[in-house]
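Only one structure is covered here, and it is reproduced in the block below.
Protein chains in written order, with the numbering used here: chain A, 1328 to 1477; chain B, 78 to 305.
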């Protein structure tokens, strides 16, 4: 079993929170939508606060900032990917291209980064930091988010 | 990620998750998920391949047309971490035989690391040591591997996970600057570090020594990927 297979097998055994009566948003046309990235790679702009090992908060990434540091504490994934090509984790250039082509309406002015290693009950991101991050994006007029896991 | 999708959707934002663990996406049932069986750490699949990344995004955005959910769709391409080419990166020759091999090696990689940092304008080294501190941090791990008491050895920041992050990231950023050929596979840079470099061998030996000295699990386990 290679490292990815071992991690996937382990992750599949973790508890999955159940959401009763989950929300469903009927989106407007993609070509009129403002799109943001939400990643769990613990990326942060180089002059922002680093992620601690048990960080349940989030960092905002301004659209124009590409000087991102990998703040994730897990050694169990391809940590070189960000240095190899930021877009394979955080596809900001791809969104810019889609906006210039008119496929999406706008690229959001700010994007969001959490750390993927969360406590098993995920209560803080569910009840506190997650809703706050969503409110920040709503204030920016964001209609759609694409979530990229690490 | 699937939990955050529910949270953001409840706030009025439509969401699409690029799932990396299919069973978790099935259990947590976010509104829209495109499962991507790609190397972990590469949610868009292929580095330096804008066409492939656009294909992933197009399939993800297409889920916005679904009238109801939850929707869980598989990307048709499966990429195993071992599928792509291994990292081809030569190491500097031994320069100062009076130094532990890993310390000498780290010094030899400094110019490549500096070029990488200059080119990217940023580095992920610096959690507890910067590039100047990497050879000294390796000297500490070398001493632990040789039998020094890990509690007295002077681990930078007192944090084994953080110092190993800085050492490994220094090597990996330098290696990508030196390597030729196509983008390495999803575990190829890790394989190169732990199986080809003196620093990787030293880190594994120090980890085993700390474990065997009876340290608590988190102190030694997260120094390297779990399967090592």
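Backbone N, C-alpha and C fix where the C-beta goes; we use that ideal spot for every residue, glycine too.
**Asked** Closer than 9 Å, Cβ to any Cβ of chain B: which residues of the segment 1338-1352 of chain A, in chain order?
**Response** 1338, 1339, 1340, 1341, 1342, 1343, 1344, 1345, 1346, 1349, 1350, 1351, 1352
**Message:** Is any non-hydrogen atom of the ligand PLP found closer than 7 Å to the C-beta of residue 1419 of chain A, if you look at the structure I gave you?
**Reply:** Inclusion of the ligand PLP in the displayed structure is not the case, the ligand content being empty and no account of it being possible.
**Message:** I need the boundaries of the beta strand (DSSP E) containing residue 1368 of chain A, first residue and last residue.
**Reply:** For residue 1368 of chain A, no beta strand (DSSP E) segment is defined, and its DSSP state is neither H nor E.
**Message:** Can you give me the C-alpha to C-alpha distance between residue 86 of chain B and residue 1424 of chain A, rounded to a whole angstrom?
**Reply:** 25 Å
**Request:** Confirm, please, whether the CB-CB distance from residue 1365 of chain A to residue 1439 of chain A is below 8 Å.
**Result:** Yes, the pair counts as a contact, with Cβ atoms nearer than the cut-off.
**Message:** Under 9 Å, CB to CB, which of the residues in the segment 143-157 of chain B have a partner in chain A?
**Reply:** 144, 145, 146, 147, 157
**Message:** If you reduce the DSSP assignment to three classes, tell me which class residue 149 of chain B lands in.
**Reply:** When DSSP states are grouped into helix, strand and coil, residue 149 of chain B belongs to the strand group.
**Asked** Residues of chain A with a CB under 8 Å from the CB of residue 279 of chain B: which are they?
**Response** Using a Cβ-Cβ cut-off of 8 Å, residue 279 of chain B is close to nothing in chain A; its nearest Cβ partner there is about 16 Å away.
**Asked** Under the three-state reduction of DSSP, which class applies to residue 1474 of chain A: helix, strand or coil?
**Response** strand
**Request:** Using a Cβ-Cβ cut-off of less than 7 Å, give me the residues of the segment 79-94 of chain B that come near chain A, in sequence order.
**Result:** 80, 81, 82, 83, 84, 85, 86, 87, 88, 89, 90, 91, 92, 93, 94
**Prompt:** From this set, A:1373, A:1398, A:1393, A:1389, which residue's C-alpha is nearest residue 1383 of chain A's C-alpha?
**Reply:** A:1398
**Asked** Any Cβ of chain B within less than 8 Å of the Cβ of residue 1457 of chain A?
**Response** yes
**Prompt:** In or out: residue 1445 of chain A buried (at least 16 other Cβ within 10 Å) or exposed?
**Reply:** buried
**Request:** Please confirm whether residue 1455 of chain A and residue 1342 of chain A have their CB atoms less than 8 Å apart.
**Result:** no
**Prompt:** How big is the Cα-Cα spacing for residue 106 of chain B and residue 138 of chain B?
**Reply:** 17 Å
**Asked** When you compare only the Cα positions, how much space is there between residue 1344 of chain A and residue 219 of chain B?
**Response** 43 Å
**Request:** Would you list, in sequence order, the uninterrupted beta strand (DSSP E) runs of no fewer than 3 residues that lie entirely inside the segment 101-175 of chain B?
**Result:** 109-112, 148-151
**Item:** Residue closest to residue 297 of chain B, alpha-carbon to alpha-carbon, out of B:263, B:251, B:235, B:261
**Value:** B:235
**Asked** When the Cα of residue 1358 of chain A is compared with those of A:1471, A:1406, A:1348, which residue comes out closest?
**Response** The shortest C-alpha separation from residue 1358 of chain A is found at A:1471.
**Prompt:** Relative to the alpha-carbon of residue 260 of chain B, which residue among A:1407, A:1389, A:1394 has its alpha-carbon at the smallest distance?
**Reply:** That would be A:1407, whose Cα lies nearest to the Cα of residue 260 of chain B.
**Message:** Using only the alpha-carbon positions, how far apart do residue 191 of chain B and residue 249 of chain B sit?
**Reply:** 12 Å
**Request:** Report the neighbours of residue 1335 of chain A on chain B: residues whose CB is nearer than 7 Å to its CB, in chain order.
**Result:** 98
**Prompt:** Taking 8 Å as the CB-CB limit, is residue 266 of chain B close to chain A?
**Reply:** yes
**Message:** Run through the DSSP bridge pairs and tell me what residue 1437 of chain A is partnered with.
**Reply:** Residue 1437 of chain A is bridged by DSSP to A:1389.
**Request:** On a CA-only basis, which of A:1468, A:1477, A:1460, A:1476 is nearest residue 1388 of chain A? Give me that one, please.
**Result:** Ranking A:1468, A:1477, A:1460, A:1476 by CA distance to the CA of residue 1388 of chain A puts A:1460 first.
**Prompt:** Looking at the C-beta of residue 1387 of chain A, does it have a partner C-beta in chain B at a distance below 8 Å?
**Reply:** At a cut-off of 8 Å, the C-beta of residue 1387 of chain A has no neighbouring C-beta in chain B.
**Prompt:** Around the C-beta of residue 160 of chain B, are 16 or more other C-beta atoms found within 10 angstroms, so that it is buried, or is it exposed?
**Reply:** exposed
**Message:** Give me, in chain order, the residues of the same chain whose beta-carbon lies closer than 7 Å to that of residue 1360 of chain A; leave out the 5 immediate sequence neighbours on both sides.
**Reply:** 1354, 1431, 1432, 1470, 1471
**Request:** Inspect the CB distances between the segment 273-281 of chain B and the segment 173-188 of chain B and report whether three or more fall short of 8 Å.
**Result:** yes
**Request:** For residue 253 of chain B, go through chain A and note every residue whose CB falls closer than 9 Å to its CB, in chain order.
**Result:** 1407, 1410, 1411
**Message:** Spatial neighbours of residue 230 of chain B within its chain, please: C-beta separation below 6 Å, excluding the five flanking residues on both sides.
**Reply:** 217, 220, 221
**Prompt:** From which residue to which residue does the alpha helix (DSSP H) around residue 84 of chain B run?
**Reply:** 79-87
**Residues sharing a beta bridge with residue 1396 of chain A, DSSP** = A:1371
**Prompt:** Would residue 1418 of chain A be called buried (16 or more neighbouring beta carbons within 10 Å of its own) or exposed?
**Reply:** buried
**Asked** Using 8 Å as the limit for Cβ to Cβ distance, is residue 1475 of chain A near chain B?
**Response** yes
**Prompt:** Whose CA, out of B:182, B:109, B:164, B:128, lies closest to the CA of residue 150 of chain B?
**Reply:** B:109
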